[in-house]
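Here is the structure we will look at.
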Amino acid sequence: MSGADRRKEVRYVVVGIEALLNGTPWPIIDISRSAVRLLKPAGAPVNASAEIVFRLNAIGRGRARSYPVAASLIRATDLELIYGYPLPCTRWEERLRARDTFLQTRLTAL
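Each residue of the sequence shown is one higher than the one before, counting from 144 in the working numbering.
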């Protein structure tokens, strides 16, 4: 996917999803169906490729799930890392929407 196409994707600000980058938890700034923007702690290493495990907390009567993906670095700054990844499952965007804080609080309707 090109950078222009990726920028057109809906980005979600989510709760209930953890990102483990090479086994270490990193805060998610926002996430789309094919990329995640992570808050970069000072002095944290930057890797061109990484394994990211997305851990989704259970919602309602559902169960918690984990989705490992092989990710590639798209951009790195002093404050953030953006990694692209293949679609972890067919219902991935639906799972992101269910955990989107703006949709949950209806801020997008304002």
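Every residue, glycine too, gets a C-beta built ideally from N, C-alpha and C.
Beta bridge counterpart(s) of residue i as assigned by DSSP
{"i": "serine 215", "result": "Ser192 and Gly227"}
{"i": "serine 209", "result": "Arg198"}
{"i": "valine 157", "result": "Asp243"}
{"i": "aspartate 173", "result": "Arg180"}
Assigned exposure category for residue i - 16 Cβ within 10 Å defines buried
{"i": "arginine 204", "result": "exposed"}
{"i": "lysine 151", "result": "exposed"}
{"i": "alanine 178", "result": "buried"}
{"i": "valine 212", "result": "buried"}
Chain-order list of residues whose beta-carbon lies under 6 Å from that of residue i (same chain, five-residue window excluded)
{"i": "alanine 214", "result": "Ala193, Ile195, Tyr226 and Tyr228"}
Cα-Cα separation between residue i and residue j, rounded to whole angstroms
{"i": "proline 188", "j": "tyrosine 210", "result": "23 Å"}
{"i": "alanine 162", "j": "leucine 230", "result": "15 Å"}
Beta-carbon proximity list for residue i, same chain, < 8 Å, skipping 5 on both sides
{"i": "aspartate 243", "result": "Tyr155, Val156 and Val157"}
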